[in-house]
Structure formats: C-alpha cells, structure tokens
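Peer 1: Residue numbers (the numbering used here): 816 to 1124.
Please find one structure pasted underneath; my questions will follow.
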C-alpha cells in the first residue's frame, strides 16, 4: 500500500485534507444514499418490524417503476464515479495501492466473504443473538421482470456502495472507516431479514469495499451480485419443480467452494509456515531442493595429497 499501510490511518500522511471538506463529503454521500434508497430503506425497516406481514403484490407498473429506479441509481452511480476519477485523477495515485491480482482472485475473495458472512449469521441465529428471517418473495405479475431486477441488483448497489466510497474518501479517511461506513449503509438495506440481515450484509458489504480497494474490478462485484447471490431468482422462470433446490445448491457450492479454496492454503501456511514458499534451486522445488546451508564445506587437501588425486 502507498505510504502507511495501516487500515485505520490515512495511507499518505503527507496529505492534510481539510476536516470540514472530509465531513462534507461523508455527509453528501450519506444524503445521496438516503435519497436514492429511501423506498428500499423504509420498506426494509417496515418488514423488520412486521416479519409476519403478507408478501407484497407487485403489478407490472410497479415492477417497471422499480427498474426505472434501478436505472437511475445505476446511472448516478457511474456518473459519480466518472466525475470523481476525473477530479481526483492526480490524488488517487498517491492514496490507493496499485491494482493487483486477477479478476478470478477478486471473485474468489468476495464469494468466500459472502459464504463466511452466511455462516456467521446462521450461527448467531442458532444462538438467538441475531434474528434472520427468510423473507417471503413478492407476488409479481411478470416473472421475467422480477428476474431482470434481481440479476441487475449489482448495478444498483456496487457502484454506489463499493466503488464510490473508496474513490471519494480514500486519502481523506482511513480505509477501515470507509469500509465501516459503506458496510453500514449496505446493511441497513437488508434489515428486512431482521438484525441478522444487517449483520450479514454488513459483513459481505465490507468485503466488497475491501475487494474493490485491493483489486479495483467493479465489474466482478456487479456480476457476482446478480448471477451468484441472486441466482435463485431464476426459479421464477424455470418450469421445473426441483429448480429452486438445484439453484440453492449451486449457490451453496459456488460460495462455500470459494471459501474452502480461499481458506485451505492459508490454513496450511499457518500450520506449516514456509512450506509453500520453498525457494527453487536449479529448477528443483520442495523437498528435493538443496538449501545453501546443507551444502558441505569444501575440503582443502595438503599439497602432497592433492597431487595423488
């Protein structure tokens, strides 16, 4: 990372952004979030208070209105990102680490985080600490519009709740506080699942911000949110009684497969430190490689003995 690598301190201590300007940026972003997601926030809070309320019934006009709202949120998100990149083009290079890793690395990291968040919430729910109520799907007039809305959710959320906070506040706030702020805004959109829904979305929302900060591949977050997290929405248009079960298992296999793929090498490194980083010698690696300290010292013979060799 550029400059100071601490999560809770600014990466470039040579910069002294005005505190009032930083506060205004934070207030502006939170205000924009309240305005753009007001309907979702109010609906989520109501559902949290009324978990047993009947499922909402949406007409085609309601669904089209939702897609229009999605288009507005997506457009404003990308416009805000574009303006921020232009206005901060000189500053961002000094406050953000270089982009590294592949798109696959980013995808595995975020899928692993989503699976981890799900496991945490399931445990908290079993302990009675955080209630997580699976919401009843809305009754819709057009299943295809419902699927389109679900698969496009990444366009609604990731630009504004993962990328923009990093680009707008990096260098002004430590990345740790940016993650907390963005994750809190994300979590409040999911309280319709109960407090467990907030915890769940807070955790994977925080991971989304970190993944963007580290890998800077917004399109990966957008695709995963729609095609992996919401793949079960396809059940609405698949004429198979087992579709919901199959899609649910696909979701579980992808997410927890990524979690295992991410955890196992790190667990092995913790148990067997340095095993995966054994240096190569003349093309050999692992146990067949000869370390320098294992090479016996050269034996120097007396002159008369050397003549006999």
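Note that CB positions come from ideal geometry on N, CA and C, so glycine has one too.
Excluding the 5 residues preceding and the 5 following residue 1030 in the sequence, name in chain order all residues of the same chain whose CB lies nearer than 7 Å to its CB.
Peer 2: Within the chain shown, the letter at position 215 stands for residue 1030. 914, 916, 920 and 921, listed in sequence order.
Peer 1: State buried or exposed for residue 835, treating a residue as buried only when at least 16 other CB atoms are found within 10 Å of its CB.
Peer 2: Taking the first residue of the chain shown as position 1, residue 835 is located at position 20. With fewer than 16 other Cβ atoms within 10 Å, it is exposed.
Peer 1: Using the Cα positions of residue 982 and residue 857, report the straight-line distance between them to the nearest angstrom.
Peer 2: Reading the chain shown from its first residue, position 167 is the one you call residue 982. Reading the chain shown from its first residue, position 42 is the one you call residue 857. Those two C-alpha atoms are separated by around 28 Å.
Peer 1: Touching or not, the stretch 858 to 875 and the stretch 944 to 961, by the rule of three or more beta carbon pairs under 8 Å?
Peer 2: Contact between the stretch 858 to 875 and the stretch 944 to 961 is present, because at least three Cβ pairs lie under 8 Å.
Peer 1: Under 7 Å Cβ to Cβ from residue 950, same chain only, skipping five residues before and after it: list those, please.
Peer 2: Within the chain shown, residue 950 is the residue found at index 135, counting from 1. 862, 1007 and 1008.
Peer 1: Report yes if the CB atom of residue 910 is closer than 8 Å to the CB atom of residue 985, and no otherwise.
Peer 2: One-based indexing of the chain shown puts residue 910 at position 95. One-based indexing of the chain shown puts residue 985 at position 170. Yes; because the gap between Cβ atoms is below 8 Å, this pair is in contact.
Peer 1: Using the C-alpha atoms, what's the distance from residue 941 back to residue 973?
Peer 2: The residue given as residue 973 occupies position 158 in the chain shown. The residue given as residue 941 occupies position 126 in the chain shown. Going by the C-alpha atoms only, they are around 30 Å apart.
Peer 1: Quick one: residues in its chain with C-beta nearer than 7 Å to the C-beta of residue 885, no 5 flanking neighbours on either side, listed in chain order?
Peer 2: One-based indexing of the chain shown puts residue 885 at position 70. Excluding sequence neighbours, residue 885 sits near 964, 967, 970 and 971.
Peer 1: Look at the alpha carbon of residue 845 and the alpha carbon of residue 1086, and state the distance between them as a whole number of angstroms.
Peer 2: Indexing the chain shown from 1 puts residue 845 at position 30. Indexing the chain shown from 1 puts residue 1086 at position 271. Approximately 43 Å between the Cα atoms of the pair.
Peer 1: Less than 8 Å between the C-beta atoms of residue 1023 and residue 1003, yes or no?
Peer 2: By 1-based counting over the chain shown, the position of residue 1023 is 208. By 1-based counting over the chain shown, the position of residue 1003 is 188. Not in contact: residue 1023 and residue 1003 (Cβ atoms no closer than 8 Å).
Peer 1: Give me whichever residues DSSP pairs with residue 859 in a beta bridge.
Peer 2: Counting from one through the chain shown, the residue named residue 859 turns up at place 44. Paired residues: none, contrary to the question.
Peer 1: By Cβ distance, which residues of its chain are closer than 7 Å to residue 994, with the 5 residues on each side in sequence left out?
Peer 2: Residue numbering aside, residue 994 sits at position 179 when the chain shown is read from its first letter. Here the set comprises 1021, 1024 and 1025.
Peer 1: Below 6 Å CB to CB, which residues in the same chain sit around residue 1098 once its five sequence neighbours on both sides are set aside?
Peer 2: As a working mapping, residue 1098 is identified with position 283 in the chain shown. Note that residue 1098 scores a pLDDT of 45, beneath 50, so its modelled location is shaky; the value from the coordinates is reported in the next line. No residues qualify anywhere along the chain.
Peer 1: Have a look at the DSSP bridge pairing and note the partners of residue 955.
Peer 2: The residue you call residue 955 lines up with position 140 of the chain shown. DSSP lists 873 as partners of residue 955.
Peer 1: So, are the CB atoms of residue 939 and residue 1011 less than 8 Å apart?
Peer 2: As a working mapping, residue 939 is identified with position 124 in the chain shown. As a working mapping, residue 1011 is identified with position 196 in the chain shown. Result yes, Cβ atoms of residue 939 and residue 1011 sit closer than 8 Å.
Peer 1: According to the Cβ coordinates, are residue 1046 and residue 1033 closer than 8 Å?
Peer 2: The residue given as residue 1046 occupies position 231 in the chain shown. The residue given as residue 1033 occupies position 218 in the chain shown. For residue 1046 and residue 1033, no; Cβs fall outside 8 Å.
Peer 1: For residue 1076, count neighbouring Cβ atoms within 10 angstroms of its own Cβ and tell me buried if that reaches 16, exposed if not.
Peer 2: Against the chain shown, residue 1076 aligns to sequence position 261. Counting Cβ neighbours within 10 Å, residue 1076 comes out exposed, since fewer than 16 surround it.
Peer 1: Based on the DSSP output, what are the partners of residue 1087 in its beta bridges?
Peer 2: Within the chain shown, the letter at position 272 stands for residue 1087. Answer is none; residue 1087 lacks a bridge partner.
Peer 1: Could you tell me which residues DSSP puts in a beta bridge with residue 985?
Peer 2: By 1-based counting over the chain shown, the position of residue 985 is 170. Residue 985 is bridged to 988.
Peer 1: Alpha carbon to alpha carbon, how far is residue 1057 from residue 1066?
Peer 2: The residue given as residue 1057 occupies position 242 in the chain shown. The residue given as residue 1066 occupies position 251 in the chain shown. Their Cα atoms are separated by approximately 14 Å.
Peer 1: For residue 1028, does the three-state DSSP call read helix, strand or coil?
Peer 2: For the purposes of this step, residue 1028 is taken as the residue at position 213 of the chain shown. Residue 1028: helix per DSSP, three-state reduction.
Peer 1: How would you call residue 1019, buried or exposed, if buried means at least 16 neighbouring beta carbons within 10 angstroms?
Peer 2: For the purposes of this step, residue 1019 is identified with residue 204 of the chain shown, where counting begins at 1. Its Cβ being crowded by 16 or more others within 10 Å, residue 1019 is buried.
Peer 1: Rounded to a whole number of angstroms, what is the C-alpha to C-alpha distance between residue 897 and residue 864?
Peer 2: If you number the chain shown from 1, residue 897 lands on position 82. If you number the chain shown from 1, residue 864 lands on position 49. Roughly 38 Å separates the two Cα atoms.
Peer 1: Mind listing, in chain order, the continuous beta strand (DSSP E) runs of no fewer than 3 residues lying wholly within the stretch 891 to 966?
Peer 2: Listed in chain order, there is nothing to give.
Peer 1: My output table needs one value for residue 1004: the three-state DSSP class, helix, strand or coil.
Peer 2: Residue 1004 sits at position 189 when you count from the first residue of the chain shown. Residue state, collapsed to three classes: coil.
Peer 1: Nearest to residue 961 by alpha carbon, out of 852, 1048, 1059 and 905?
Peer 2: On the chain shown, position 146 is the one that residue 961 refers to. Among 852, 1048, 1059 and 905, the Cα nearest to that of residue 961 is on 1048.
Peer 1: Looking only at its own chain, which residues have a Cβ that is under 7 Å from the Cβ of residue 1059, when we skip the five neighbours before and after it?
Peer 2: Numbered from its first residue, the chain shown carries residue 1059 at position 244. Once the five neighbours on either side are set aside, the close Cβ partners of residue 1059 are 1047 and 1050.
Peer 1: Spatial neighbours of residue 953 within its chain, please: C-beta separation below 6 Å, excluding the five flanking residues on both sides.
Peer 2: Reading the chain shown from its first residue, position 138 is the one you call residue 953. The residues are 870, 871 and 873.
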